[in-house]
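Comments concern the structure below.
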Amino acid sequence: MSVDAGIDATSDSAAQQSALNTAAAKNLATTTKTPPQMQGITSRWLLKMLPWVEVSGGTYRVNRRLSYATGRGRLSFAQTGAETRIVPPSLVELPLLRGFEDESLLVELASRFSQRDFEQGEVIAEYGEVVDHVMVLAHGKVNKIGTGKFGDSAAVLGVLANGDHFGDEALLRGDALWEYTVKAATAGTLLTLPRQAFADLLGRSPELRAQVEAFTAAGAASQDSHGQAAIELAAGHDGEPELPGTFVDYELAPREYDLSVAQTVLQVHTRVADLYNKPMNQIEQQLKLTIEALRERQEHEMINNREFGLLHNADHDQRIQTHGGPPTPDDLDELLSRRRGNKFFLAHPRAIAAFGRECNRRGLYPESVDIEGNRIPAWRGVPILPCNKIPINGGHTSSILVMRTGESDQGVVGLHQTGLPDEYEPSLSVRFMGINERAVIQYLVSAYYSCAVLIPDALGVLENVEVARPRD
21 MSVDAGIDAT SDSAAQQSAL NTAAAKNLAT TTKTPPQMQG ITSRWLLKML
71 PWVEVSGGTY RVNRRLSYAT GRGRLSFAQT GAETRIVPPS LVELPLLRGF
121 EDESLLVELA SRFSQRDFEQ GEVIAEYGEV VDHVMVLAHG KVNKIGTGKF
171 GDSAAVLGVL ANGDHFGDEA LLRGDALWEY TVKAATAGTL LTLPRQAFAD
221 LLGRSPELRA QVEAFTAAGA ASQDSHGQAA IELAAGHDGE PELPGTFVDY
271 ELAPREYDLS VAQTVLQVHT RVADLYNKPM NQIEQQLKLT IEALRERQEH
321 EMINNREFGL LHNADHDQRI QTHGGPPTPD DLDELLSRRR GNKFFLAHPR
371 AIAAFGRECN RRGLYPESVD IEGNRIPAWR GVPILPCNKI PINGGHTSSI
421 LVMRTGESDQ GVVGLHQTGL PDEYEPSLSV RFMGINERAV IQYLVSAYYS
471 CAVLIPDALG VLENVEVARP RD
């Protein structure tokens with residue numbers, strides 16, 4: 021290369037850069053940075069809205085008036101191909117078999133159920149006909165149709181879905197008549213037990229006869245409309261009649277809730293804590309994100325845990341089905357009407373969107389309410405709070421919860437214990453565990469919590485809510 025060419029190349033380079041470039045300048049600059057960010061942090065409305073009760077002894081006992089258990093739960097099923105069978109122990113959810121312990125007899129009784137498929141629109145039982153079968157709904161949805169309050173003969177009195185049963189009065193009375201018509205809202209599968217099959221077992225089983233006698237005796241006891249032991253009163257009398265004596269009977273074995281725990285061990289290497297602790301404290305930032313994850317798991321457990329989670333502890337009489345699939349204003353009205361003092365709905369964001377679509381279809385525009393500076397959609401003045409911890413089953417259906425809260429209103433309450441050793445937040449402790457042989461600092465992070473439903477009508481659930489957007 022010639023001298024002239026080298027001079028020209030140098031001139032071109034100098035022309036391209038006349039000042040220090042940014043890449044080099046960054047070596048001398050102090051970077052402006054954010055604290056560590058984390059995806060998955062939600063608003064956690066359930067934890068914010070529940071009143072929290074101090075549980076100093078670690079156990080919370082819910083005392084109630086004595087109620088006569090009626091076993092209106094749901095049966096379970098096992099499936100092999102197209103064949104569906106009742107899981108025998110779940111037969112105790114039939115009112116008559118509540119508490120029955122003879123497993124061999126339950127197995128034999130389950131084997132006597134016959135499978136029957138039905139189509140949408142099919143009439144399964146007709147008003148006024150003799151009830152001669154117990155029917156268990158293994159799959160699908162049916163409507164109970166009868167005469168409404170104002171004489172409407174096609175009024176939908178209720179909706180039954182998977183695991184529900186009807187016609188069990190046939191087990192005790194041969195002259196029982198259907199008080200409503202049962203019509204299929206979708207295609208599905210029934211398991212039916214003829215009355216005669218049960219009568220055959222009754223005739224040769226002393227244990228079953230004793231169970232029937234005990235059930236009949238409990239039914240004869242004085243009860244109020246909620247199934248509780250009645251309190252005898254007198255009202256509207258004149259003169260000096262003899263007043264009834266009474267007392268309020270309590271449950272002999274009230275339910276107790278033990279505080280649950282979510283824990284993890286936070287580990288930070290001493291080299292990180294020593295050398296990289298400015299401008300942000302590494303342990304504090306690690307702890308902040310760990311606590312966020314624990315609180316998210318706490319809310320998940322309070323909704324989904326099989327022992328104390330709200331979805332599993334809602335009374336079966338407080339579970340209702342949607343009339344058509346998507347959540348409509350009519351469905352939410354029915355959910356609200358079953359309890360007093362509703363404080364808030366809790367729904368998956370996709371369920372809230374599905375409800376919004378139904379309102380738009382009807383030309384309705386629900387109002388919103390202000391909660392902690394946020395505008396929240398509401399129905400009948402009750403806020404509808406989002407919660408992504410409520411599962412979406414198969415990507416299609418979910419549930420919507422509504423609840424009354426607080427001890428004074430006999431509602432739903434959160435349970436925790438404050439004043440823990442090494443408490444970092446209420447009911448959450450961070451305990452130093454030492455430094456191991458690998459020079460790693462360890463902290464035990466523990467959150468203690470639970471929740472309780474004080475009386476059954478404090479919590480209601482709208483089930484099988486379709487959240488998938490329909491095709492146009």
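Residue numbers for the sequence shown follow the numbering used here, so the first one is 21 and each next one is one higher. Cβ atoms here follow ideal geometry from the backbone N, Cα and C, with glycine treated the same way.
Segment contact flag, the segment 388-403 with the segment 439-450, C-beta cutoff 8 Å, min 3 pairs: Output reads no: the segment 439-450 does not touch the segment 388-403.
Distance, Cα to Cα, Asp329 vs Leu479? Checking the sequence, you will find Gly at residue 329 rather than Asp. Gly329 and Leu479: Cα-Cα distance of roughly 12 Å.
So, Gly141 versus Lys203, is the Cβ gap smaller than 8 Å? Cβ atoms of Gly141 and Lys203: closer than 8 Å.
Starting from Ala374, trace the beta strand (DSSP E) both ways and give me its first and last residue. In the DSSP annotation of this structure, Ala374 is not part of any beta strand (DSSP E); the continuous alpha helix (DSSP H) holding it starts and ends at Pro369 to Arg382.
Over the uninterrupted alpha helix (DSSP H) stretch that includes Ile412, give me the two end residues. For Ile412, there is no enclosing alpha helix (DSSP H), since its DSSP letter is neither H nor E.
With which residues is Leu452 paired in a DSSP beta bridge? For the sequence presented, residue 452 should be read as Phe rather than Leu. Beta-bridge pairing links Phe452 to Tyr463.
Tell me the residue span of the beta strand (DSSP E) that contains Phe138. Residues Ser134 to Phe138.
Nearest candidate by alpha-carbon position, reference Leu474, set Gly426, Ser466, Val465 and Phe452: Cα-wise, what sits closest to Leu474 is Gly426.
Using CA atoms only, rank isn't needed, just tell me which of Leu95, Glu128 and Glu146 is closest to Val112. If we check each option's Cα against that of Val112, Leu95 comes out closest.
Sequence-distant residues of the same chain with beta carbon closer than 7 Å to Glu146, five excluded per side: The answer, listed in chain order, is Trp198 and Thr201.
Tell whether a beta-carbon distance below 8 Å holds between Val465 and Thr284. The criterion of a C-beta distance shorter than 8 Å is satisfied by Val465 and Thr284.
So, helix, strand or coil for Glu316, using DSSP? Reduced to three states, the DSSP call for Glu316 is helix.
So, for Glu139: in the same chain, excluding its five sequence neighbours on each side, which residues have a beta-carbon less than 7 Å away from its beta-carbon? Correct list, in chain order: Ala204 and Ala207.
Residue from Tyr463, Ala98, Leu448 and Glu483 with nearest C-alpha to Gln135: When each option's Cα is compared against that of Gln135, the closest is Ala98.
Are the beta-carbon atoms of Glu276 and Arg81 separated by less than 8 Å? In this structure, Glu276 sits near Arg81, with a CB-CB distance shorter than 8 Å.
Which word fits Met58, buried or exposed, when buried means at least 16 other C-beta atoms lie within 10 angstroms of its C-beta? Classification for Met58: exposed.
Distance, Gly183 Cα to Pro214 Cα: Each residue's alpha carbon lies about 18 Å from the other.
Report yes or no: do three or more beta-carbon pairs, one from the segment 36-43 and one from the segment 324-342, lie closer than 8 Å? Judged by pairs of C-beta atoms under 8 Å, the segment 36-43 does not touch the segment 324-342, as fewer than three such pairs exist.
Using 8 Å as the Cβ pair cut-off and three pairs as the minimum, do the segment 284-293 and the segment 303-320 touch? These segments touch.
Whole angstroms are fine: how far does the CA of Leu157 sit from the CA of Phe365? C-alpha separation (whole angstroms): 28 Å.
Taking only runs of the beta strand (DSSP E) that begin and end inside the segment 151-218, which ones reach a length of at least 3 residues, in chain order? As far as the segment 151-218 is concerned, its whole beta strand (DSSP E) runs of at least 3 residues are 153-159, 162-166, 175-180, 201-204 and 208-214.
The alpha helix (DSSP H) that contains Asp350, what's its start and end? Pro349 to Ser357 is the span of the alpha helix (DSSP H), which, as asked, contains Asp350.
Roughly how far, in whole angstroms, is the beta-carbon of Val481 from the beta-carbon of Arg339, given that I think they are within contact range, below 8 Å? Here Val481 really is in contact with Arg339; their C-beta atoms are around 5 Å apart, less than 8 Å.
Please go through the same chain and pick out, in chain order, the residues whose beta-carbon is closer than 6 Å to the beta-carbon of Phe375, but skip the five residues on each side of it. Scanning its chain for C-beta atoms nearer than 6 Å, with the 5 sequence neighbours on each side dropped, one finds around Phe375 the residues Pro347, in chain order.
Between the C-alpha atoms of Pro274 and Gly223, what's the straight-line distance to the nearest angstrom? When rounded, the distance between both Cα atoms is 36 Å.
Quick check: the Cα distance between Asn41 and Pro55, rounded to an integer number of angstroms? Their Cα atoms are separated by approximately 28 Å.
With a Cβ-Cβ cutoff of 8 Å, do Cys471 and Val432 count as a contact? Result yes, Cβ atoms of Cys471 and Val432 sit closer than 8 Å.
In chain order, what residues of the same chain have a beta carbon less than 6 Å from the beta carbon of His185, not counting five sequence neighbours either side? Its chain contains Val156 as the residues whose beta carbon lies nearer than 6 Å to that of His185, once the 5 sequence neighbours on both sides are disregarded; these appear in chain order.
In or out: Ala89 buried (at least 16 other Cβ within 10 Å) or exposed? Reliability of the predicted coordinates at Ala89 is poor, the pLDDT of 44 falling under 50, and the value obtained from them is presented with this limitation in mind. Only exposed fits Ala89, as fewer than 16 other CB atoms lie within 10 angstroms of its CB.
Limits of the unbroken beta strand (DSSP E) element including His436: That run of the beta strand (DSSP E) goes Val432 to His436.
Have a look at His257 and Cys379 and give me their C-alpha separation to the nearest angstrom. The predicted position of His257 is uncertain, since its pLDDT is 49 and thus under 50; a value taken from the coordinates is nonetheless stated next. When rounded, the distance between both Cα atoms is 51 Å.
Determine the burial state of Thr236: buried for a count of at least 16 other Cβ atoms within 10 Å of its Cβ, exposed for fewer. If you draw a 10 Å sphere on the C-beta of Thr236, you find fewer than 16 other C-beta atoms in it, and that means exposed.
Which partner residues of Leu479 appear in the DSSP bridge assignment? According to DSSP, Leu479 shares a beta bridge with Met423.
Counting along the chain, where does the beta strand (DSSP E) carrying His416 start and finish? Element bounds for His416: n/a, residue is neither H nor E.
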